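So the sequences go chain by chain: A and B. Mapped onto our numbering, the consecutive letters of the first sequence carry residue numbers 1191 to 1638. Mapped onto our numbering, the consecutive letters of the second sequence carry residue numbers 1191 to 1638. Notes for the one structure printed next.
2 protein chains.
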Amino acid sequence: MTIREASQHIRLGELSPVERVRSCLDRMDAVDDRIRAWVVVDREGALSAAKEAEAEIRAGRWRGPLHGIPLGIKDIVDVRGLPTRAGARLLADAPPADQDATVVSRLREAGGVILGKTVTTEFACFDPSDTRNPWNLAHTPGGSSSGSAAAVASGMCLGAIGSQTGGSISRPAAYCGVVGCKPTHGRVSAHGFVPVSFSLDHPGPFARSVADAALLLRAMAGYDPRDPVSAPEPVADYVAACAPGEGAPRIGMVGGLFLDRADEDVRRGLEKARQAFETCGATVTGARMPEAFGEVHRMHRILMCADLAAYHQAQFQDRKADYRPGIRGLIEEGLALSAVDGAGARWRQIRFKGAIQETLRGVDVLLTPAAPTPAPQDLTTTGDPVFNSPWSYAGLPTIVLPVALARNGLPVAVQLVGRAFREADLFRVAAWAEKAIGFNARPPEQPS
Amino acid sequence: MTIREASQHIRLGELSPVERVRSCLDRMDAVDDRIRAWVVVDREGALSAAKEAEAEIRAGRWRGPLHGIPLGIKDIVDVRGLPTRAGARLLADAPPADQDATVVSRLREAGGVILGKTVTTEFACFDPSDTRNPWNLAHTPGGSSSGSAAAVASGMCLGAIGSQTGGSISRPAAYCGVVGCKPTHGRVSAHGFVPVSFSLDHPGPFARSVADAALLLRAMAGYDPRDPVSAPEPVADYVAACAPGEGAPRIGMVGGLFLDRADEDVRRGLEKARQAFETCGATVTGARMPEAFGEVHRMHRILMCADLAAYHQAQFQDRKADYRPGIRGLIEEGLALSAVDGAGARWRQIRFKGAIQETLRGVDVLLTPAAPTPAPQDLTTTGDPVFNSPWSYAGLPTIVLPVALARNGLPVAVQLVGRAFREADLFRVAAWAEKAIGFNARPPEQPS
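If you want it as structure tokens, here you go:
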């Protein structure tokens, strides 16, 4: 069931938010001992919020399509009354947060019901969490927003919030066969988030359809004086943009790295998408990346490590041993960099943001595979963000959507890339693409 | 003579651009052996451009108020056919630039006549140049845009282009008794400039009146794909904003550092301005700076040194001895900084840009003195940018205008600070303030 479907029933009084929340809690009871998507579930708080929603809607005060909808929040994001542990030993004894992150309070204002906190890798970096892929428990769900993707994929909530610095929304969305949207850098406030890198962090939604992701983003988006990285750019109606419209899009397919590194399953998935798009009338042409693309991953890593090290520096000196090896390595890398390295990377990032506009000229979106492979059968990794971090670096909005099943039964996905602060245009194409692709497989009821 | 006055005569055919250029060249011949504002003067090129302008205007093709107006360009800015030496021994043998910087080509399109290149301190940093203050040759003109300020003050051109990283427009404008505008960071393209710091560099105009500065900025401003730091923000009509209008402004006077460090002459000048503003109906209240103001100068220096070191790094290793001591120290300081220092400074800059909006709430502009003292009687320094660099760090637009003469006969000035990308509002207040102040002293005809 999508948010849109649930909300239609809720609005008409055919479905109670309380029932809807109870179904999610039942689903957790049935599968989460194996999937392990949740850190903490606030059953009482969620049921009480659902009752309030029910009463409001009965009294004629329907807040909109998120009213009474159960949601999960990545555990680097503050939710009032719950601890923010960020998957970190260092925060194992964190006290309950005393206020909501801006996105959480915005989702609550829109009527959303917060079920609890979803599992993240430690401080949203690379060390894998315990979460499993709902399609096959031997496979990683991806990371760092592991729990949010897995919870949505397995029906334990209807939507969830994650965040991406490299590929932490796009990759788990792809691996778990759900829709993930990383909006433009600065589109969504990160106030109340534990940061990885203020230069690269992007909060964004997971959902089971493009329109649902649009609903969530519309509620989350917009300038927030408490996060000075957030941009005073107008927020369009992303939901309206998903309505069927005139004309098929112009799509620029990116080759190079994105084809060289993709495995056979992913290439087939991309080809299936291309054919479906062309059959439905899209123009698909080759897109040429800026020359500087070759240095993008190296520069992304410099920015990420420098910002991460700046945030953790003081604590790291005293408690280095309490960090897992992956993030420890990133912080050490950041501490060893010079300001000249950092200034060079930042300048190259600004130039790349300019140059990529040229690549987008004449097309509505860029198309790439969402990840080099389906979710690896390897729980010691969260997979490879190599196809996602260029767009985090460029700050451009992306939507990942599932397109086919690989030979091993796990989903493969494509990634659409839009223009900065033009998420409405991106949603228009993504909703069209979702229909053209017609993917509707779901993970097994009882994952194994 | 202001640009506005000259252009009215030029438009009506009462003044020939050729005559106007010849007057400037004559003035250079009379005083520049003492003032030393020019590195290179393109007499032939300027006269030929003036002739073209004259022919166009006679043929009825008047391009606007800059048509036929003689201008000076700071020698860190590329002017086609002239070398860009940036006051640096390292660039003593630079070949002629093969294209114009974006601002130069925009000024030419508007009809401006480029007289030549004005003196800058070495790479626009602190080591003083040979330029002297037209009010008194024993005093510094300020820096780094020393030649641009001195040339405008002494009538060797009607307007000039400079740039500011710390206080390199505001300070020389104040010391030389002319109007200097540092627009919002990103408002004017720096394509074709030798950079100091991409995080802090602001190109901007010098002129003899607020309206003239508006004319120059209107021609220079706007997004430029060749400078990815430039912002895609709409450009308003700054000239129209200078027309007398309704209502007196609300002015927030900043105390603290700006009063503590100001000498007696500067405080008297500020008080004169305050009284004039109140007499003309303005509301002057105290403005409270954000708490983080205390770290602003330190963070500004980190950003500046890191960016400067990143730009010079390769060359500095081989030719360290060819840099003057001041800039050598800044580069060495930048090379010694860590990426964590840089990331911390950048994050604090972003936060400060957010916090300063609160300070501006409820007022139209902030008011401070433009410099702690009048131009020091000391040719081994370019003076103190301590009152200017906070606004370079915050990226906010400023206009400096002279207000009174100090006891030693040199000018003192005030600095108005506006909102980001709201230069039209700032010009509106500055034009009003210029009239309220009524300052009209000029440097001596024959400086000594």
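All C-beta atoms in this analysis are idealised placements derived from N, C-alpha and C, irrespective of residue type, glycine included. The structure displayed is predicted, hence computed values, not measured ones.
Shown here, residue 1398 of chain A sits in coil according to DSSP, grouped into three states, outside any helix or strand.
Here the C-alpha atom of residue 1576 of chain A lies approximately 32 Å from the C-alpha atom of residue 1502 of chain B. The three-state secondary structure of residue 1551 of chain B, taken from DSSP, is coil.
When 7 Å is used as the limit between beta carbons, residue 1524 of chain B is near these residues of chain A: 1529 and 1530, in chain order. Rounded to whole angstroms, the separation of the alpha carbons of residue 1618 of chain A and residue 1299 of chain B is 40 Å.
According to the DSSP assignment, residue 1494 of chain A belongs to no beta strand (DSSP E) but to the alpha helix (DSSP H) extending over 1486-1509.
Contact annotation for residue 1541 of chain A against chain B: 1418 [CB-CB distance below 8 Å, chain order]. Secondary structure at residue 1354 of chain B: strand, using DSSP grouped into helix, strand and coil. With contact defined as three or more Cβ pairs closer than 8 Å, the stretch 1235-1245 of chain B and the stretch 1204-1214 of chain B are in contact. For the pair of segments examined, the stretch 1334-1344 of chain B was found to touch the stretch 1308-1320 of chain B: the number of CB pairs separated by less than 8 Å reaches three.
Secondary structure note for residue 1337 of chain A: its alpha helix (DSSP H) is the uninterrupted segment 1336-1343.
Neighbours of residue 1537 of chain A in chain B, taken as residues whose beta carbon is under 8 Å from its own, are 1388, 1497 and 1500 in chain order.
Apart from the 5 residues on each side of it in sequence, residue 1318 of chain B sits with its Cβ closer than 7 Å to the Cβ of 1311, 1330, 1333, 1569, 1570, 1571 and 1572 in its chain, given in chain order. In this structure, residue 1366 of chain B keeps its C-beta atom at 8 Å or more from the C-beta atom of residue 1401 of chain B. Straight across, the Cα-Cα distance linking residue 1321 of chain A with residue 1265 of chain A is about 13 Å.
With fewer than 16 neighbouring CB atoms inside 10 Å of its own CB, residue 1436 of chain B falls in the exposed class.
Taking all protein chains in view, the Cβ of residue 1507 of chain B is surrounded by fewer than 16 other Cβ atoms within 10 Å, so the residue is classified as exposed.
The beta carbon of residue 1343 of chain B sits closer than 7 Å to those of 1324, 1366, 1367, 1368 and 1633, all from its chain and outside the five residues before and after it, given in chain order. Residue pairing by DSSP places residue 1295 of chain A in no beta bridge whatsoever. Residue 1372 of chain A and residue 1426 of chain A have their C-alpha atoms roughly 16 Å apart. Out of B:1578, B:1598 and B:1583, the CA that lies nearest to the CA of residue 1565 of chain B is found in B:1598. Membership of residue 1518 of chain A in the alpha helix (DSSP H) is indicated by the continuous run 1515-1526. Taking a contact to require three or more Cβ pairs closer than 8 Å, the stretch 1619-1630 of chain B and the stretch 1584-1596 of chain B qualify as touching. Residues of chain A whose Cβ lies closer than 7 Å to the Cβ of residue 1567 of chain B do not exist; the shortest such Cβ separation is about 37 Å. Looking from the CA of residue 1449 of chain B, the closest CA among B:1608, B:1233 and B:1560 belongs to B:1560. Between the stretch 1376-1393 of chain B and the stretch 1224-1233 of chain B there are fewer than three C-beta pairs closer than 8 Å, too few to call the two in contact.
In this structure, residue 1602 of chain A and residue 1459 of chain A form a Cβ contact; the two beta carbons are roughly 4 Å apart against a cut-off of 8 Å. Using a CB distance below 8 Å, no part of the stretch 1322-1342 of chain A faces chain B.
Closest in C-alpha terms to residue 1481 of chain B, from the list B:1608, B:1470, B:1538 and B:1193, comes B:1538. Taken atom to atom, the span from the alpha-carbon of residue 1270 of chain A to that of residue 1528 of chain B is near 36 Å. Under the DSSP assignment, residue 1588 of chain A falls in the beta strand (DSSP E) whose first and last residues are 1588-1595.
For residue 1411 of chain A, there is no enclosing beta strand (DSSP E), as DSSP gives it neither H nor E. For residue 1275 of chain A, the closest C-alpha among the options A:1306, A:1255, A:1292 and A:1586 is that of A:1306. Boundaries of the beta strand (DSSP E) harbouring residue 1308 of chain B: 1303-1308, taken from the DSSP string. Residue environment analysis places residue 1244 of chain B among the buried positions, since at least 16 neighbouring C-beta atoms fall within 10 angstroms of its C-beta.
Around the C-beta of residue 1552 of chain A, fewer than 16 other C-beta atoms lie within 10 Å, and the residue is accordingly described as exposed.
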